[in-house]
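Take the sequence shown: its position 123, counting from 1, is numbered 123 in the UniProt record's numbering, and each next residue is one higher.
Inspection log for the structure reproduced underneath, given as structure tokens.
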Amino acid sequence: MAIALFMIFLLALPFFLFIILLKHSINNNGNFNHLPPGPPGLPFIGHLHMLMLDNSLLPHIFLWKLSQNYGPLMSLRFGFKPTLVVSSAKMAEAVLKTHDLDFCSRPRLRGATRLSYNALDLAFSPYTDYLKEMRKLCVVHLFSRVQKYRPIREDEVGRLVEKIFQLSVDSQPVNLSEAMMCLSRSIICRIGFGKRYDDGAERSRVNEVHKESEAMLSSFSFSDYFPFMGWVDRFTGFLTRLEKAFKELDTFYQQLIDEHLDPNRLIPQEEDLLDVLLRIRMDRDFPFDLTIDHIKAILMNVFIAGTNTTAATVIWVMSALMKNPKCLKKAQAEVRDLVGKKGFINEDDVQALTYLKAVVKETFRLHPTAPMLLPRETLRNCNIGNPWI
């Protein structure tokens, strides 16, 4: 009898889910009347299929082409999440500047929330008093130290130039992508943690932790778009993989913190970012109780967000110059004229490289490393142009 009732329940469950989803879809369609125009979507999944099935274009290129038909403000629905796509400079200014306080929060995404220790970081934290204080802490105590770390940047660039020179002497090829990733990661790790990963095994481990964490931040989670279907993530393996990535990342951070708290550790000439955060925690110089988890969340932003963006930009610049020999020769001539008899360029000389800076800016325009930025969440209704958001 019990087995029969259980089978009836299993057979009836899809029907009840269908009724609930249909009702939710109808309600959503009614709420979309006041939003900007957008393409027709499918029941339940909305417009998710448009991004997942069309692999011929990058997502931001696909959305831009779609905006040519529906305007700079376009409404989409990803599952049960209504989404506004902004595709013009004027509308972007309205959202990011004029109505910044209305669009300043972040949605809670499963992967980002877990890896940021329940959104305790800067990038994925919702707009609260905590975020205001955390921004103030980072601006005053961390970002203000950029110039103090100039010797680290110049030393790492010098190491890379020496390595490339040695490879050229030996007539060996240079893997630019790998070299730039190593450069940016070495700079980030020395500034953030005071460590340089030269050992092959340790470097491979750090690379793998970084790669897997990035993958989890951009992976699809059912709970992000279908809140009542979060249990599906367990069957797809997403939760298992996410938890494994979190534990590896947490172990990496904890080892760094333990090394910095070791009383026998040699005191460095210049504090790294982790030293600064631990000192603030010890001095209790923060309105909130700054815990180890808060520090780990900030380290996540430093370690993950700061590596690929820098390397990818340089790789795109070099790729663009190689495809345009005339531009390459002009940039080389400008650099060589500035170098003269010095034989090297420091950070102060960069301001005089007008043409090279123009090349970098054009690369930012053509190949942005984060073309869609991080998603934002509205805090209140507002009027942008004519539609109400």
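Glycine included, each C-beta is placed from N, C-alpha and C at the ideal position.
In this text the structure is predicted, and so the values were computed from the model without any measurement.
Cross-strand partners of GLU162 (DSSP beta bridge): The partner list for GLU162 (beta bridge, DSSP) is empty, contrary to what the question assumes.
Beta-ladder partner(s) of PRO82, from DSSP: ARG77
In whole angstroms, give me the CA-to-CA distance for CYS182 and THR310. 11 Å
In the structure shown, what three-state DSSP assignment does ASN383 receive? strand
Cβ-Cβ distance between PRO72 and MET91 below 8 Å: yes
Rounded C-alpha distance that separates ARG135 from ASP121: 9 Å
In terms of alpha-carbon separation, which member of GLU248, ALA305 and THR251 lies closest to LEU374? ALA305
Cβ-Cβ separation, ASP275 to GLY192 (assumed contact under 8 Å), whole Å: Wrong, their Cβ atoms sit about 10 Å apart, outside the cutoff.
Start and end residues, alpha helix (DSSP H) containing ILE45: That residue, ILE45, is in no alpha helix (DSSP H); it is neither H nor E in DSSP.
Residue(s) in a DSSP beta bridge with GLU377: SER105
Exposed or buried, which one is ALA94 when buried takes at least 16 other CB atoms within 10 Å? buried
So, at 7 Å on beta carbons, what are the nonlocal neighbours of PHE238 in its own chain, with the 5 sequence-adjacent residues on each side left out? SER219 and SER221
With a Cβ-Cβ cutoff of 8 Å, do GLY41 and ARG77 count as a contact? yes
Please state if the CB of ALA245 and the CB of residue 463 are separated by a distance shorter than 8 Å. Because the chain is modelled from 1 through 389, residue 463 falls outside the range shown and cannot be assessed.
The alpha helix (DSSP H) enclosing ASN69, as first and last residue numbers: 59–70
What does a CB cutoff of less than 7 Å around VAL209 pick up in its chain, not counting 5 residues either side in sequence? GLU248, LEU249 and PHE252
Taking DSSP as the reference, what is the three-state secondary structure of ASP250? helix
Could you check where the alpha helix (DSSP H) with ASP285 kicks off and where it finishes? Element bounds for ASP285: n/a, residue is neither H nor E.
What distance in whole Å lies between the Cβ atoms of ALA331 and LEU356, which are believed to be in contact at a cut-off of 8 Å? 5 Å
Expressed to the nearest angstrom, what Euclidean distance is found between the alpha-carbon atoms of LYS81 and LEU217? 18 Å
Just to confirm my understanding: we take LEU160, look at its own chain, exclude 5 residues before and 5 after, and list those with CB closer than 7 Å. What are they? ALA179 and LEU183
In the structure shown, what three-state DSSP assignment does ILE26 receive? Confidence is the limiting factor: at ILE26 the pLDDT is only 49, short of 50, which leaves the residue's position unreliable, though a coordinate-based value still follows. Reduced to three states, the DSSP call for ILE26 is helix.
When you compare only the Cα positions, how much space is there between VAL174 and ASP199? 20 Å
Over what stretch of residues does the alpha helix (DSSP H) that includes GLY237 continue unbroken? Run containing GLY237: none; DSSP gives neither H nor E here.
Run of the alpha helix (DSSP H) containing TYR127, from where it starts to where it stops: Segment: none, TYR127 is in no alpha helix (DSSP H) and carries neither H nor E.
Cβ distance (whole Å) where LEU176 is taken to contact ILE315 below 8 Å: 6 Å
For ASN31, which three-state DSSP category applies? Note that ASN31 scores 49 on pLDDT, short of 50, meaning its location in the model is unreliable and no value can be drawn from it.
Measure the Cβ-Cβ separation of CYS382 and HIS99 and say whether it is below 8 Å. yes
Given this structure, state the Cα-to-Cα distance separating LYS97 from GLU377, to the nearest angstrom. 15 Å
Alpha-carbon to alpha-carbon, VAL139 and THR354: 29 Å
Determine, using beta carbons only, whether ARG150 and ILE187 come nearer to each other than 8 Å. no
Other residues of its chain near VAL359: CB distance less than 8 Å, five sequence neighbours each side excluded: VAL317, ALA320, LEU321, CYS327 and ALA331
Quick check: what's the CA-CA separation for LEU63 versus LEU266? 52 Å
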